[in-house]
Amino acid sequence: MSDAYSGRGNKDRSVTKEGGATMTPGPQHGKARPAPGGPFLIGESMTGGYGNGPDILHECTIAVDKGEIAVIVGPNGAGKSTGMKALFGMLNVRSGSVRLDGEDITDLSPQDRVKKGMGFVPQTHNIFTSMSVEENLEMGAFIRTDDIRPTMEQVYELFPILKEKRYQAAGELSGGQRQQVAVGRALMTQPKVLMLDEPTAGVSPIVMDELFDRIIEVARTGLPVLMVEQNARQALEIADKGYVLVQGANAHTGTGKELLADPEVRQSFLGG
Ligand SMILES: Nc1ncnc2c1ncn2[C@@H]1O[C@H](COP(=O)(O)OP(=O)(O)O)[C@@H](O)[C@H]1O
Ligand SMILES: [Mg+2]
Numbered sequence: 001m002s003d004a005y006s007g008r009g010n011k012d013r014s015v016t017k018e019g020g021a022t023m024t025p026g027p028q029h030g031k032a033r034p035a036p037g038g039p040f041l042i043g044e045s046m047t048g049g050y051g052n053g054p055d056i057l058h059e060c061t062i063a064v065d066k067g068e069i070a071v072i073v074g075p076n077g078a079g080k081s082t083g084m085k086a087l088f089g090m091l092n093v094r095s096g097s098v099r100l101d102g103e104d105i106t107d108l109s110p111q112d113r114v115k116k117g118m119g120f121v122p123q124t125h126n127i128f129t130s131m132s133v134e135e136n137l138e139m140g141a142f143i144r145t146d147d148i149r150p151t152m153e154q155v156y157e158l159f160p161i162l163k164e165k166r167y168q169a170a171g172e173l174s175g176g177q178r179q180q181v182a183v184g185r186a187l188m189t190q191p192k193v194l195m196l197d198e199p200t201a202g203v204s205p206i207v208m209d210e211l212f213d214r215i216i217e218v219a220r221t222g223l224p225v226l227m228v229e230q231n232a233r234q235a236l237e238i239a240d241k242g243y244v245l246v247q248g249a250n251a252h253t254g255t256g257k258e259l260l261a262d263p264e265v266r267q268s269f270l271g272g
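When you line the sequence shown up against full-length UniProt numbering, it's residues 1 to 272, in that order.
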C-alpha cells in the first residue's frame with residue numbers, strides 16, 4: 001500500500017465489504033454495468049416532503065451503480081439534500097420506492113439502512129466536533145462487533161493527515177480535514193454504497209481537487225459513490241452519471257460528459 005498515492009486509484013478494496021461492490025478495473029471505470037434487477041441503489045420516482053408539509057420531491061429518480069460515481073447538481077433549494085435524505089430513509093416518501101441491491105428498502109429506518117450497507121455523510125453536522133478524530137471514526141463503526149482496526153488503518157492510509165491528528169478534537173481541524181473525518185467515519189461501517197452531500201462545501205479549490213481525488217480513489221475500490229456537489233462543472237467531470245435537479249424533479253440526466261456538453265445545462269447551471 002506504500003505507493004497507493006503515487007497515482008489516482010487506490011487498488012486496495014478492503015474498505016468495502018466482501019460481496020458488496022465489485023472492483024472495476026481502471027480502463028473500464030465509467031462503464032455502468034447494471035446489476036440484475038436494476039442499479040445497485042435507486043430511489044425511483046420518489047415523491048415526498050418533510051412531515052406533513054408539502055411535497056419537495058416530485059417523482060424524482062436517482063440511482064448509482066457498482067463502479068460508478070453519480071453526481072447530483074442543481075440550484076440551491078432544488079431538493080438535492082432532500083433527495084439524499086429520501087434515499088437514506090429520513091423523509092416521508094409518499095410514493096415511489098428505494099431499492100438497494102434489488103431489495104425494496106423503502107420502509108426501513110436509516111439505522112437499518114446502515115446495516116444493509118449504506119454510508120451517508122450529511123451536508124451539515126457530519127462530525128462530532130468535541131470528540132477526537134479517532135473517536136469520530138470509532139463512532140462511525142458503532143454497528144460493528146468485529147475488529148475495526150484494519151478499517152481504521154485503511155482510512156488513515158486514505159487520509160494520512162487524520163492519522164497525524166487522530167488525538168485532536170475534530171472541531172479544531174480545517175474544513176477540508178473535517179470533511180475527511182466525515183467521509184472516514186462513513187467508511188468505518190464498510191459500506192456497500194457511499195453517499196456524500198456536498199463533501200467539498202466551504203473548502204478552497206486546491207482542497208476540493210484533493211478531496212475529489214480521494215473520492216475517485218474510494219470509487220476505484222469498487223464502492224459506488226453518490227454525491228451532491230455545488231461545484232457542478234468539476235463534479236460532472238468526474239461523474240459517470242449526473243442528475244440535474246430543479247424544484248424537486250429531474251431536469252436533466254446523462255453521463256457527466258453528456259451534461260457538460262448539453263447547451264441548456266451549460267447555460268442554466270454551469271454559467272455558460
Ligand atoms: N427539514 C426541513 N423541513 C422542511 N423543509 C425543508 C427542510 N429541509 C429543507 N427543506 C425545504 O426543501 C427544499 C429543498 O431543500 P434542500 O433539499 O435542502 O435543497 P438543496 O440541497 O438542493 O439546496 C427547500 O425549499 C427547503 O426549504
Ligand atoms: Mg443541500
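Idealized CB from N, CA, C, for every residue including glycine.
On a predicted model such as this, the values are computed, not experimentally measured, just so you know.
Cβ-heavy atom distance, residue i to ligand 2, below 7 Å
| i | result |
| --- | --- |
| LYS80 | yes |
| GLN179 | no |
| ASP146 | no |
| GLN247 | no |
| ASP101 | no |
| VAL73 | no |
| VAL228 | yes |
| GLU198 | yes |
Exposed unless 16 or more other CB atoms sit within 10 angstroms - verdict on residue i
| i | result |
| --- | --- |
| PRO224 | buried |
| GLN190 | buried |
| PRO199 | buried |
| GLY96 | buried |
| ARG33 | Because the pLDDT at ARG33 is just 48, under 50, the model does not fix this residue reliably, and the value given afterwards should be weighed accordingly. That one is exposed. |
| LEU259 | buried |
| PRO27 | The pLDDT assigned to PRO27 is 41, lower than 50, so where the model puts this residue is not dependable, and the model offers no usable value. |
| ALA261 | exposed |
Distance CB(residue i)-CB(residue j) smaller than 8 Å
| i | j | result |
| --- | --- | --- |
| LYS165 | GLN179 | no |
| VAL244 | GLY74 | yes |
| GLY43 | GLY102 | no |
| ARG94 | THR61 | no |
| MET227 | VAL71 | yes |
| PHE120 | PHE142 | no |
| ALA170 | PHE128 | yes |
| GLY140 | ARG214 | no |
| THR255 | ASP240 | yes |
| VAL218 | LEU158 | yes |
| residue 325 | ILE56 | Any answer about residue 325 is impossible in this case: the structure gives the chain only from 1 up to 272. |
| VAL64 | VAL193 | yes |
Start and end residues, alpha helix (DSSP H) containing residue i
| i | result |
| --- | --- |
| ALA219 | 205-220 |
| residue 310 | Past the boundaries of the shown model lies residue 310; the chain is included only from 1 to 272, so the question cannot be answered. |
| LEU41 | Taken as a continuous stretch (DSSP letters only), LEU41 belongs to no alpha helix (DSSP H), being part of the beta strand (DSSP E) at 41-49. |
| GLY171 | GLY171 -> no alpha helix (DSSP H), and no H or E assigned at all. |
| ILE62 | Careful: ILE62 lies outside any alpha helix (DSSP H), inside the beta strand (DSSP E) at 57-64. |
| LEU108 | Note, LEU108: premise wrong, no alpha helix (DSSP H); not H, not E. |
| PHE159 | It is not in any alpha helix (DSSP H) - PHE159 carries neither H nor E in the DSSP assignment. |
| PHE269 | 263-269 |
| ALA235 | 232-237 |
Residue i beta carbon near ligand 1 (any heavy atom closer than 7 Å)
| i | result |
| --- | --- |
| ASN250 | no |
| ASN76 | yes |
| TYR50 | yes |
| LEU56 | In the sequence as displayed, the identity of residue 56 is Ile instead of Leu. Yes, the beta carbon of ILE56 sits closer than 7 Å to at least one heavy atom of ligand 1. |
For residue i, the first and last residue of its enclosing beta strand (DSSP E)
| i | result |
| --- | --- |
| THR82 | Not the beta strand (DSSP E): THR82 falls in the alpha helix (DSSP H), residues 80-88. |
| GLY96 | 92-100 |
| GLY245 | Reading off the sequence shown, one finds Leu at residue 245, where the question assumed Gly. Element bounds for LEU245: 241-246. |
| THR253 | 249-254 |
| LEU226 | 225-228 |
Beta-carbon separation (whole angstroms), residue i vs residue j, contact threshold 8 Å
| i | j | result |
| --- | --- | --- |
| VAL183 | LEU196 | 7 Å |
| VAL246 | ALA78 | 6 Å |
| MET90 | PRO110 | 6 Å |
| HIS58 | ALA249 | 4 Å |
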